[in-house]
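One structure below.
2 protein chains.
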Amino acid sequence: MASIHFLKAIEMGIDTHQEPVVYMREDCHICRAEGFNSNTRLLIKTDTGALITTLNVVKSDKLQHGQIGFSKIAQQRLQVSQGQPVSVGHAPLVESLSAVRKKIYGHALSDSEIHSIVIDISKHKYTDIEIASFLSICAGGRLNTDEIIGLTRAMVDSGKHLNWPGSERVFDKHCIGGLPGNRTTPLIVAIVSAAGLTIPKTSSRGITSPSGTADTMEALTRVNLKLTKIQQVVEDTGACLAWGGAVNLSPADDLLIRIERALDLDGEGQLIASVLSKKIAAGSTHTIIDIPVGDTAKVRTQADADRLAGLFTQVGNACGIHVRCIITDGSKPIGSGIGPVEEARDLLAVFQCLSHAPQDLRARALMLAAHLLDLARQCGMENALQQATELLDSGRAWAQFQRIVEAQGGLKSLPDARFQIEEKATCSGVIQAIDNRKLSRLAKLAGAPIDITAGLRLHANIGSRLSAGDPLFTLYSESSGESDYALAYYHDNPDIFEIGEL
Amino acid sequence: MASIHFLKAIEMGIDTHQEPVVYMREDCHICRAEGFNSNTRLLIKTDTGALITTLNVVKSDKLQHGQIGFSKIAQQRLQVSQGQPVSVGHAPLVESLSAVRKKIYGHALSDSEIHSIVIDISKHKYTDIEIASFLSICAGGRLNTDEIIGLTRAMVDSGKHLNWPGSERVFDKHCIGGLPGNRTTPLIVAIVSAAGLTIPKTSSRGITSPSGTADTMEALTRVNLKLTKIQQVVEDTGACLAWGGAVNLSPADDLLIRIERALDLDGEGQLIASVLSKKIAAGSTHTIIDIPVGDTAKVRTQADADRLAGLFTQVGNACGIHVRCIITDGSKPIGSGIGPVEEARDLLAVFQCLSHAPQDLRARALMLAAHLLDLARQCGMENALQQATELLDSGRAWAQFQRIVEAQGGLKSLPDARFQIEEKATCSGVIQAIDNRKLSRLAKLAGAPIDITAGLRLHANIGSRLSAGDPLFTLYSESSGESDYALAYYHDNPDIFEIGEL
């Protein structure tokens, strides 16, 4: 019924992050006729696509008559070219929002309601405030087990699916995170694939942390691989260590995670669905979940960890994936290096069984690899741990890691940071506690993970006895500004390392 | 510790509605040094003020080196002038967000927690998604009575307070809304102030409705009055009928309402706090609350209305204001005119006791005026209704209304709409039901309340017997485009009027 209005698209040169925005002149006849104002939700259409956006009205000197400006993400999502005609109208009602309101009013959601919400989110039909509303009302344990199962399935349905011809069983691992330096994944993948398991591992980059597995692996080799390349690597080696971002396994989840981070929410239902949906979409049939527990880790109490582990297992069963949760010590950093290059140095040292290799990282990787082997073969943990240790000590895991890296693009040499500053203990005593969150922030302020050499190297960990003047850590960065900024933060937060007598 | 960064402010010419945005060049040294990205929350400071905003990064040709662009609302809130130096840094942590998270995790909030949330919102420290999160988690009956009381008090504390020297008791009225044409307020105010009650009424404009009391009154006289002028009018006449927007009684509530509307949420705790806090801040000691109940009204069942009435009374008592709730019939539109000018015509007809005056509007206004008189004097409803009727029929209420209008700026004459289209019944029968929501939308599509003459006039209501071809309503608008648009909506929605045999 409504008349159709055409305008010519131009790029506005404004980055509005993930929220697509279009810009129209305040005197535009369409705004007047349709009653558009700043914040009106619009449906923009081309011959080939459609996008829901938010309107910002601009002064008349910012655009010519007949033009509509696109923010960066709006232009990318609709794939419009300069000068292309687009039609503009009111955004249609988003039906699934009535299900969100139902949840707000205290009612459980059916599978089909959750499905419609997730599909609409993945199609970018929700505004940020609508996503925030949905996430808030689902957090705090407000999703029951059936709803978490529904959410997991809906996320799987909303994205791509991978499959691995020739591998009946496909393995995976995930860590709930929160421990700086805890880079066990490349070790585990090399060990279990050397033992014959198929483990096509895709990982994320660090967003709130100083490095993700993809960042650390990128210091060593190429990780931004197309799907066909990933499939080739897995066919050749039984494994890969690639960046998951290029694969688009769960578009809805990526949108939810962005708002979850902005709100600093950790909804357990959301977390479980996010992790398991990506595993299932990636074609995994068996996975272990590492849940570190500690005062400054993501999961803070044993009771929370037990509850989370129970839910993971239950939801996994319902969705057809074998899940084993391992609750681990999350009280302190793992390994010595924090940041892409420094973590990569630790990995190489463990792989090559060098004498300075961090033993805590080695032990943790062996234990988790053993859980995967036991999950695959029911051989018992003692036997599995022995197998994993033999694979590492014999150099077979290192050879397998080199095969994977070679298939992905070859091993890079690790660069050194421009600025290296050693900080010393200011008093004598034993390290009683380390604040994982603040330590991560320190490494981020130094420039990690964007500068791959940035980060830090610990010279001591919880339990180390130090004399005043002993080296505590070395800070690495690429600019004096960042190094000053990070050290100022360190001096403002003396509780990052708690040194005292036992 | 962080270095201070200065940039020169320039107006960007972009209207970002209520969310303040600043724009910085992608190659800006400050973005690089501080790690700012699009969506980073920034604290912008001048010598005299500070504002938290969201960053959008722009291409280098959009700004000169050393400049920072301001969106319209950002410029207005910080009151920066062209070229003024401002400092830029990371926004500080908003402490009260931890209380929001506490609520998300299912815990009730203390008075001081609610207080800190409301104060931070009123100081524009929350992003839209943070406000959305808070509102969603408080909706659906999740605020207990103590929390609603806390929220009401916090809202009162966050804004201005009015007082009325010489009036020990100050009266007010409020309608929960949802019924098109239900413009009783000017009648009630004139009747009870003619009886000697002090009733300084401030009203809102229609945002989701085709007219607010302020819009209808503005068709008749000036309503955008400064506080000193309002006080003068009340001193002279015992009453006023002004727009509340200029008075800034509850800045937090205005911010909450904007997001509530965008989410289409009607949290009862939020509603009660919003209504009562504005009454208390306006210095009222006694108020009636009209709660219309009907299938397409805001409150849909008698049980919901009873619950809401109980909460209103309880919260009012705790906050020191006498509240009487009146649950009324919300099944159909009231009066014949919908939209500012058409409602004003109905008002004048009722005041002047003209034969064509809508009797339902008259009866409803008399009943509610009687409740106010009884609340003031405990004279019994029968007696009160008789008093109210006498005041209206004797012309004393009309004379009092003219006094108020004269004090505010004099009576305007009502203009006619350019386009007037009569729609006829397409079949014979009795009107069984009218969809209030869709009828309101029809009047809005015609241009109400922005075009004051736009809207419609009903020639029949529920219970009217019609023959095919009898006039159903006349649509008024100022442009043929809007009139076409509205009529297309009418023809697409045949259920607005349900005509059939009883």
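If you read the protein sequences in the order shown, they are chains W and H.
Per numbering that gives the first Met the number 0: the first sequence = residues 0 to 501.
Per numbering that gives the first Met the number 0: the second sequence = residues 0 to 501.
Where a beta carbon is used, it is the ideal one built from N, C-alpha and C, also for glycine.
Within chain W, the residues that residue i reaches when beta carbons sit closer than 7 Å
i	result
H/N38	H16
H/N55	I13, D14 and T15
H/E129	L262
Residue i and residue j closer than 8 Å at C-beta
i	j	result
W/I116	W/S95	yes
H/L255	H/L108	no
H/I337	H/P209	yes
H/L264	H/A138	yes
H/G468	H/V429	no
W/N223	W/G158	no
W/L367	W/D305	no
W/E341	W/R204	no
W/F170	W/T286	yes
H/G243	H/T300	no
H/P291	H/I175	yes
H/I326	H/L275	no
H/S70	H/I13	yes
W/T144	W/L310	yes
W/A218	W/L413	yes
W/S121	W/A238	no
W/G180	W/S335	yes
Amino acids of chain H, ordered along the chain, whose beta-carbon sits closer than 9 Å to that of residue i
i	result
W/L264	R100, I103 and S132
W/Y22	I13
Closer than 9 Å at the beta carbon, the chain W residues around residue i
i	result
H/K61	M11, G12 and I13
Listed by chain order, chain H residues near residue i by CB distance under 8 Å
i	result
W/D547	Missing from the structure shown is residue 547 of chain W; chain W here goes from 0 to 501 and no further.
W/I258	I128
Outcome for residue i when other beta-carbon atoms lying within 10 angstroms are tallied against a minimum of 16
i	result
W/L226	exposed
H/D26	exposed
H/Q431	exposed
W/Q399	buried
W/Q407	buried
W/G409	exposed
W/T207	exposed
W/A343	buried
W/M11	buried
H/E146	buried
H/M380	exposed
W/P493	exposed
H/E500	exposed
W/N316	exposed
W/L92	exposed
W/I495	buried
Where residue i meets chain H, residues with beta-carbon distance less than 7 Å
i	result
W/A138	I103
W/Y125	Here the premise fails: no neighbours, minimum Cβ distance about 11 Å.
W/S135	I103, S132, S135 and I136
Neighbour flag for residue i against chain C, beta carbons, 8 Å
i	result
H/K58	Included in the structure are the protein chains W and H, with no chain C among them.
Under 8 Å by beta carbon: chain W residues contacting residue i
i	result
H/S273	Going along chain W, no residue has its Cβ under 8 Å from H/S273, so there is no contact; the nearest lies around 17 Å.
Where are the beta strand (DSSP E) runs, 3 residues long or more, that stay fully inside the region 243–302 of chain H, in chain order? 285–292
Just list the alpha helix (DSSP H) runs in the region 453–481 of chain W, keeping only unbroken ones of 4 residues or longer that don't cross its boundaries, in chain order. none
As an exercise, report each continuous beta strand (DSSP E) stretch of at least 3 residues that is fully enclosed by the region 32–63 of chain H, in chain order. 40–44 and 49–57
Per the contact definition of three or more C-beta pairs closer than 8 Å, is the region 151–168 of chain H in contact with the region 290–304 of chain H? no
Contained alpha helix (DSSP H) runs [length at least 4] in the region 136–191 of chain W, N- to C-terminal order: 144–157
Flag this pair as touching only if the region 437–452 of chain H and the region 474–488 of chain H have three or more C-beta atom pairs under 8 Å; answer yes or no. yes
Three-pair Cβ contact test at 8 Å for the region 276–285 of chain W versus the region 414–422 of chain W: no
Taking one C-beta from the region 442–450 of chain W and one from the region 4–18 of chain H each time, how about it: are there three or more such pairs within less than 8 Å? no
Counting Cβ pairs closer than 8 Å, one from the region 230–240 of chain H and one from the region 465–479 of chain H, do we hit at least three? no
What residue ranges within the region 366–407 of chain H form continuous beta strand (DSSP E) runs of no fewer than 3 residues, ordered along the chain? none
Using a Cβ distance threshold of 8 Å, determine whether the region 43–63 of chain W contacts the region 72–86 of chain W, with at least three qualifying pairs required. yes
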